[in-house]
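If you're matching positions, the sequence shown starts at 196 in our numbering and goes up one per residue.
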Amino acid sequence: MGVFRHSAEKALRSTQDASLDVRAEMQREIDRLLLVNEAMWSLLSERLGLTEEALMARMQELDLQDGHLDGKLVKAPVQCPQCSRQNGRRHLTCLYCGADLPPVRP
Ligand SMILES: [Zn+2]
196 MGVFRHSAEK ALRSTQDASL DVRAEMQREI DRLLLVNEAM WSLLSERLGL
246 TEEALMARMQ ELDLQDGHLD GKLVKAPVQC PQCSRQNGRR HLTCLYCGAD
296 LPPVRP
């Protein structure tokens, strides 16, 4: 019994360690993206005189491209006209039934 419990605890610890690694890696990536973003914005505003208002307006415009003002750029999936399942926007035909999917806006 003790052996099984020990193995289970060991597996759990290993899973938790992996989860912490993924989280740390994601945080590093987010920090790097924030830095890239800040560098790009400082260059654009400095050299082209773009304003925060113009930036906010463009953010809203892009956010609304999928019809939802939700603070995300993620575009809505495409619904299959034949089986009603959701498909990724890059697919031309339905993954589930093979029907042609309607064209999507870029
Ligand atoms: Zn389908």
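The beta carbon of each residue, even a glycine, is placed where N, CA and C say it ideally should be. Since this is a predicted model, take the numbers as computed values, not measurements.
Is residue i near ligand 1, with its Cβ less than 6 Å from a heavy atom?
i    : result
R200 : no
Q274 : no
R280 : yes
A234 : no
Q260 : no
Q277 : yes
A203 : no
A294 : yes
So if DSSP puts residue i in a beta bridge, which residue, or which two residues, is it bridged to?
i    : result
N282 : V273
T288 : D295
With DSSP collapsed to three states, give me the class of residue i.
i    : result
T246 : coil
G262 : coil
K267 : coil
Determine the burial state of residue i: buried for a count of at least 16 other Cβ atoms within 10 Å of its Cβ, exposed for fewer.
i    : result
C292 : exposed
V217 : exposed
C275 : buried
V273 : buried
C278 : exposed
Any heavy atom of ligand 3 closer than 6 Å to the CB of residue i?
i    : result
V231 : Annotation note on ligand 3: not contained in the displayed structure, which lists ligand 1 as its ligands.
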